[in-house]
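>
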Amino acid sequence: MKKNETNLRKRRLGRKALLLGLVLLLALSPVNWGGAFGGPADGESGAGERRAAAPADADSIWERVYADETVGAEGGSDGDGSAGDTASGPAITVVGVNVKNTDTLEVGIQVGGPDQPLFQSVGLVLEYDRSRLTPIDWQPGWQTVESQTTNASGEAITTSSTAVVAGQEDWKSLAVYTPTWINSGTAQVYEPGGGTGVGAAGKGYLLLQANTEYPYSLPTARQIVTVKFQYTGDSVGTGGAITPAASFADVGLALAGAEGSGLSEGKKVAYTSRVKHVGLYHTGKAFYYNGALRDDGSGNAEEDPTLSGRTLAVNFSASIVEGETQQAAGGGTGDVAVLSFYDWDETMLGSSIISKTAGEEEIKEALIAFSQSQYAVASGGDKPTEFPADLTNESYVDNAAFPLTYKKGYNFAGWVRADGKEGSEPLTEAFTAYETLGETPEADGSYPKGSFNAARWKYEAGPNGGSWGNIVLKAGYVENAWCNYRGEGVTEAQKSFYVISDFSYNRYGAAIVNLSNGTVTREGGNYSIKMTVNRLNGAGYGVTRLYEPVVRAAYTMNVGGTDMNMYAYVALNGSDQESAELIAPRNASNFTVTVVDAGQRLSNGDKIASYTLADSKSSSQTIQKSVFLPEATLNYFNDKAREHNEVLPNAISADWSNNVANPDFYDLGMYDSEIDQYYYQYGKASDLAGVTNAGQLRNMAKNKITLYMLGKGNRNLTVAEIKEAIAMQTGTANNNKVPAAISTNIRTAYNNVKAAYAANGSQELSADQIAYAINNNGALLP
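Using this note's numbering, the first residue of the sequence shown is number 5, and each one after it goes up by one.
#1: Using only alpha-carbon positions, find the residue among Y571, T184, V600 and A245 that is nearest to V554.
#2: By Cβ distance, which residues of its chain are closer than 7 Å to Y640, with the 5 residues on each side in sequence left out?
#3: Please return the same chain residues whose Cβ sits closer than 6 Å to the Cβ of G782, not counting the five positions on each side in sequence.
#4: Does the distance from the CB of G283 to the CB of L316 come in under 8 Å?
#5: Considering only C-alpha positions, which residue in the set T351, G466 and K271 is nearest to K368?
#6: Let me know the secondary structure DSSP gives P589 once reduced to three states.
#7: From S450 to G442, what distance separates their C-alpha atoms?
#8: Count the CB pairs spanning the region 761-779 and the region 711-728 that are closer than 8 Å, and state whether there are at least three.
#9: What separation, rounded to the nearest whole angstrom, lies between the Cα atoms of N569 and F507?
#10: Could you round the C-beta distance between G327 and Y220 to whole angstroms and report it? I think they count as a contact, below 8 Å.
#11: Please classify Q581: is it buried, with 16 or more other beta-carbons within 10 angstroms of its beta-carbon, or exposed?
#12: Applying the 10 Å Cβ sphere with the 16-neighbour rule, what's the burial state of A160?
#13: DSSP three-state call for I726: helix, strand or coil?
#14: Check I357 in the structure and name its three-state DSSP category.
#15: Nearest-angstrom Cα distance between Y559 and A514?
#16: Between the C-alpha atoms of V318 and P452, what's the straight-line distance to the nearest angstrom?
#17: Please determine, among T216, M704 and S630, the residue with the shortest C-alpha to C-alpha distance to I228.
#18: Can you tell me which of the three DSSP states D506 falls into?
#19: Report all residues from its chain with a CB closer than 6 Å to the CB of V381; omit the five preceding and five following residues, and keep chain order.
#20: Relative to the alpha-carbon of V325, which residue among Y346, A250, G544 and G565 has its alpha-carbon at the smallest distance?
#21: My guess is that T734 and H648 are in contact by the Cβ rule of under 8 Å, so how many angstroms apart are they, rounded?
#22: Let me know the beta strand (DSSP E) ranges lying completely inside the region 516-547, each 3 residues or longer, listed in chain order.
#23: Beta carbon of N538, beta carbon of N484: below 8 Å?
#24: Quick test of your reading: E110 and Q376, contact by CB under 8 Å. State the CB separation rounded to the nearest angstrom.
#25: At what residues does the alpha helix (DSSP H) containing Y776 begin and finish?
#26: From what residue to what residue does the alpha helix (DSSP H) around S125 run?
#27: How should A191 be labelled, buried or exposed, when 16 other C-beta atoms within 10 angstroms of its C-beta is the threshold for buried?
#28: Check each candidate in G203, K232 and L519 and name the one with the smallest Cα separation from A274.
#29: Quick one: give me the first and last residue of the beta strand (DSSP E) that N415 is part of.
#30: Throw me the rounded Cβ distance for the V420 and K478 pair, which I believe falls under 8 Å.
#31: The beta strand (DSSP E) with S221 in it runs from where to where?
#32: So, under 8 Å CB-CB, Q234 and I113 are touching, yes? Tell me the CB distance rounded to an integer number of Å.
#33: Rounded to the nearest angstrom, what separates T523 and S677 at their Cα positions?
#34: List the residues that DSSP assigns as beta-bridge partners of F641.
#35: Measuring CB to CB, does L298 end up less than 8 Å from G93?
#36: Name the residue from Y670, G201, A543 and E390 whose alpha carbon lies nearest to the alpha carbon of A370.
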């Protein structure tokens, strides 16, 4: 499929809802920015600098990650985000360094390496011999190897901490050391004898953890967090000389629980930690475990065999070596730059690390590794190392966990720089959906304007100034042969671009309807029309992505007795599927909604505002007022009735009390224009005791409706059921007020229906059962 090499479609993302006429339009699905970039910007604390990490009580990132784990969040099929589809899960390494000319041991965790999955968070509970080691706070002044027993100010190093984490009062927090691209890291220490009453004699326990805001691809193993121990006690010999450990076994440093089999004391300690396991690893999509534990039903730990298939391997280095402090050694990461990866709709995908002097091969390796982590293969075979693999076939795989292959009609081609530097566009302006790859370069070696290859990040040229800074990259896609497919099997009605579907309706606030002899003389109110927009044609094939898609609504509104043609627009974010909401005035006519392109970019780079149909092929949907008005009213009616039930019997819903009134019954078809009367009463005169006017009759009907809904489990009611509710014979026990002050009768009726519903096994009650329960102290109808 040969396409015009110079046709470039781009969009502006300075997104504001456009108002034409007297209608307010809102788009309720915001751009998923994903937060800040994965690393610091140039000129800030650089990725090559290091810092002491904050203690655990400030670690909100870990709290979010652990909250996901506790509800069982994990990736779906092939959801581990692995660069090489490793079936065995991640492997991490614990390393140790005896710091030169000091009496300290540094212990760190290394993650990443070839064929390893993405890294976002890790937590590991270690045990150690308390007679030889004491964990200590990392001091910010430790830039060199001299005098490690005092900090930069000459003050004595604190050998324990009083900081605690809420809910973890038996664990004391210590500062640790992390590279700056790690968002947070901490250590927490537990010593047996605390309130939990668990732990092996002579052992200390330390939880070491680190987290990033977004997943990182690490083709080369990186040390992400380091804690410091001081040799004490049995490690100090005659004359004060220390005996540094040659291996972790020398100081009893191992995984918690290594001192015994089964549910050992160390594993019991691990269960009291924040991570609830000996080891926990999060890829951003899935969790992996070492020493997986769970609640035994009584609040105590037991081993969890259900997680045995998601194993985190933990290796310990063969020996403890002598070397410089991690801070002086550069944190084990070298002088690095952060690559932050975004999808075409500005969704943050993750990050990667390269050295600031990285050559072509190192960058290529990082790009391939991260691309593969976001890429699925339908056949389950090997993932490609060159992109796009081809444009003849559709690369789409129905798995949102792999966004690079979740774009119908487009195949992933590579990465475009998008940080406004070195000639690139800013992230929110770079439009990275291309009609052509641009295989053939021009005579001067450049590629046709508007092609992917013309925009691709040219990392082969090397960095300006001799070193890389932090770089923002955006995924670039090229149309494949199935984009805009209109061939065999596609009917004429299915050929339209950008399908709009899944309409739903509601209302905001009260409605206004004034009647005179059954004729509406005045009306008002605001109605919600929600819809889903898909970048598909009617047959389900992907279509060309628009530069600035908006939903255009055309309608007629009566203003002062004159019909006026109006247009209004709802700005979209450019995602493949998203929701939009139109706020429609009651006095508007039927709406015709269409997806149009609010802005285009010509081949010369000029931007224009066009508001044109998507290639004049967009689908239109007409929303009949006779449909959305009663449906919106019924949904509002149900929502407010349910809200009322949720606060009874001790309070009332102001919306139900004040905003559900005559117009609602009118819009639900419960009005007889011939006798100018609302249908509030369908039953016997005995139900009218104490009723003196139409307002009381309406309030009595509303009470019956909420009690009927309560007996149905607070589910939505149909119009027919609302009429059935009003027809119930509840006698004088049903007070005829929707009260400003809740009456005893209302409370009694409410409690009676609840009791009958419970007695019926929380199964729906019939109208007769509800009425009987109201009048018989909550008893079930015999």
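The C-beta atom is built at its ideal place from N, Cα and C for all residues, glycine as well. Remember, it's a predicted structure, so these values are computed and weren't measured experimentally.
Short version:
#1: V600
#2: N510 and R511
#3: N756, A759 and A760
#4: yes
#5: G466
#6: strand
#7: 10 Å
#8: yes
#9: 23 Å
#10: Incorrect: roughly 25 Å between the Cβ atoms, too far for contact.
#11: exposed
#12: Per-residue confidence for A160 stands at a pLDDT of 31, beneath the threshold of 50, marking its modelled position as unreliable; no derived number is given.
#13: helix
#14: strand
#15: 22 Å
#16: 50 Å
#17: T216
#18: strand
#19: K387
#20: A250
#21: Not a contact, Cβ separation roughly 17 Å.
#22: 523-538
#23: no
#24: With a Cβ gap of about 33 Å, E110 and Q376 do not count as contacting.
#25: A771 to N779
#26: Not the alpha helix (DSSP H): S125 falls in the beta strand (DSSP E), residues F123 to D133.
#27: buried
#28: G203
#29: Y414 to R421
#30: 5 Å
#31: K207 to S221
#32: Not a contact, Cβ separation roughly 20 Å.
#33: 8 Å
#34: DSSP, once it has assigned bridges, lists no residue as partnering F641.
#35: In the sequence as presented, Leu is not what sits at residue 298; that position holds Arg. No; because the gap between Cβ atoms is not below 8 Å, this pair is not in contact.
#36: E390
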